[in-house]
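Enquirer:
In the UniProt record's numbering, the protein residues as written are 1 to 273.
1. Starting from residue 31, trace the beta strand (DSSP E) in both directions and tell me its first and last residue.
2. Please report how far the alpha carbon of residue 87 lies from the alpha carbon of residue 181, in whole angstroms.
3. So within the segment 94 to 173, which uninterrupted alpha helix (DSSP H) runs reach at least 4 residues, ignoring any that extend past its ends?
4. Compare the C-alpha of residue 48 against each of 153, 222, 202 and 31 and name the closest.
5. Three or more C-beta pairs closer than 8 Å, one from the segment 157 to 164 and one from the segment 191 to 203: is that the case here?
6. Measuring CA to CA, which of 186, 117, 176 and 103 is closest to residue 149?
7. What is the rounded straight-line gap between the Cα of residue 235 and the Cα of residue 260?
8. Give the straight-line distance between the Cα atoms of residue 67 and residue 19, rounded to the nearest whole angstrom.
9. Decide if residue 84 is buried, meaning its Cβ has at least 16 other Cβ atoms within 10 Å, or exposed.
10. What are the uninterrupted segments assigned as beta strand (DSSP E) that are 3 or more residues long and contained completely in the segment 9 to 87, given in chain order?
11. Do residue 205 and residue 218 have their C-beta atoms within less than 8 Å of each other?
12. Please name the residue in 246, 153, 237 and 194 whose C-alpha comes closest to that of residue 213.
13. Span of the beta strand (DSSP E) holding residue 195?
14. Note down the Cα distance separating residue 185 from residue 79, rounded to an integer number of angstroms.
15. Assign residue 6 to one of three DSSP states: helix, strand, or coil.
16. Let's test the definition: count the other Cβ atoms within 10 Å of the Cβ of residue 171 and tell me whether it reaches 16, buried, or not, exposed.
17. In the DSSP assignment, find the beta strand (DSSP E) that holds residue 243 and state where it starts and stops.
18. As a quick exercise: from 165, 21 and 58, pick the residue whose alpha carbon is nearest that of residue 42.
19. Which stretch, first to last residue, makes up the beta strand (DSSP E) that contains residue 223?
20. So residue 70 and residue 141 are in contact, right, with Cβ under 8 Å, and what is the actual spacing, rounded?
21. Where does the unbroken beta strand (DSSP E) through residue 237 begin, and where does it stop?
22. Quick one: measure Cβ to Cβ for residue 256 and residue 207, integer angstroms, because I've assumed they're closer than 8 Å.
23. If you draw a straight line from the alpha carbon of residue 105 to that of residue 224, how long is it in whole angstroms?
24. Comparing alpha-carbon positions, which option in 111, 253 and 16 lies nearest residue 161?
25. Nearest to residue 134 by CA position, among 191, 115, 5 and 15, is which residue?
26. Please go through the same chain and pick out, in chain order, the residues whose beta-carbon is closer than 8 Å to the beta-carbon of residue 262, but skip the five residues on each side of it.
27. Name the one or two DSSP bridge partners that residue 266 has.
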């Protein structure tokens, strides 16, 4: 709960002012009772939405499922930007209420998101671009200092949960990748894109320019449109209109970043070439 310092009362003041505190509660105000310098309880209005059973879990599960599908669809289209204000507001509220509960539900969120990715044949989400998107979303609820506290606590305690992320990722290092995953998870700016196997790429998708030697770049001109596909190769069009061929190793089992929407300035660049 966000604490209003003007509504904090110690135990002695609470005893002395109890009648007035109850009057203000009926008027819609919450009073926070402190003991030994810590908030010990709250006096809330009689119509406060206090959950008594599994209402909270039902609402959280529905919100997480909706928000996980939203970021998946958004990142499929144009890469990881932000996780959405709704999930940022929810996790900001949880953080202020109970930071350990925030980690519990963050683990549920990442597990839900990973399940959606797996169901669509995508590589599991890397932590770095996902956290960047969540950090931006948290700005809808928390200030900069609170977000830094959230991150520090998360990097220490999320490893206590069951999550798909490695300890290296949670510590801020790169996710280990195999030979079939040559592209980095993020560009130098920190932005990342969803990956799928070459065999799942479709005509019209955009993939990184193969001339860039497995270096991700944010600029729209660094993406190529997939024109044709066979089991052994893909023909892609650069922004200048020229074409190049990508050999698909191991029947297209290698991972490649992609986006389904045309990069914002790609057509503009193409017209000027």
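We treat Cβ as the ideally placed atom computed from N, Cα and C, and that holds for glycine.
Expert: In short, the structure shows the following:
1. Run containing residue 31: 31 to 35, per the beta strand (DSSP E) assignment.
2. When only Cα atoms are considered, residue 87 and residue 181 end up about 30 Å apart.
3. You should have 99 to 119, 127 to 138, 144 to 157 and 167 to 170.
4. Out of 153, 222, 202 and 31, 31 has the C-alpha closest to the C-alpha of residue 48.
5. The segment 157 to 164, when compared against the segment 191 to 203, does not touch it at the 8 Å Cβ threshold.
6. Closest option to residue 149, Cα to Cα, is 103.
7. Between the C-alpha atoms of residue 235 and residue 260 there is a straight-line separation of about 16 Å.
8. Going by the C-alpha atoms only, they are around 43 Å apart.
9. Its Cβ being crowded by 16 or more others within 10 Å, residue 84 is buried.
10. If you keep only unbroken beta strand (DSSP E) runs of at least 3 residues inside the segment 9 to 87, you get 31 to 35 and 38 to 43.
11. Contact flag unset, no.
12. Comparing Cα-Cα distances from residue 213 to each of 246, 153, 237 and 194, the minimum goes to 246.
13. Under the DSSP assignment, residue 195 falls in the beta strand (DSSP E) whose first and last residues are 195 to 197.
14. Looking at the backbone, the Cα of residue 185 and that of residue 79 are separated by about 11 Å.
15. When secondary structure is reduced to three states using DSSP, residue 6 falls in the helix class.
16. By the Cβ neighbour-count rule, residue 171 is exposed, with fewer than 16 other Cβ atoms within 10 Å of its own.
17. Under the DSSP assignment, residue 243 falls in the beta strand (DSSP E) whose first and last residues are 243 to 247.
18. With distances taken between CA atoms, residue 42 lies nearest to 21 out of 165, 21 and 58.
19. Annotation: the continuous beta strand (DSSP E) that includes residue 223 extends over 223 to 229.
20. Distance from residue 70 to residue 141 at the Cβ level is roughly 17 Å; contact not present, criterion being Cβ atoms closer than 8 Å.
21. Element bounds for residue 237: 233 to 237.
22. With a Cβ gap of about 5 Å, residue 256 and residue 207 count as contacting.
23. Distance between the alpha carbons of residue 105 and residue 224 is about 38 Å.
24. Cα-wise, what sits closest to residue 161 is 111.
25. With distances taken between Cα atoms, residue 134 lies closest to 191.
26. By the criterion of a C-beta distance shorter than 8 Å, residue 262 is surrounded in its chain by 206 and 225, once the five residues flanking it on both sides are discounted.
27. Listed as beta-bridge partners of residue 266 by DSSP are no residues whatsoever.
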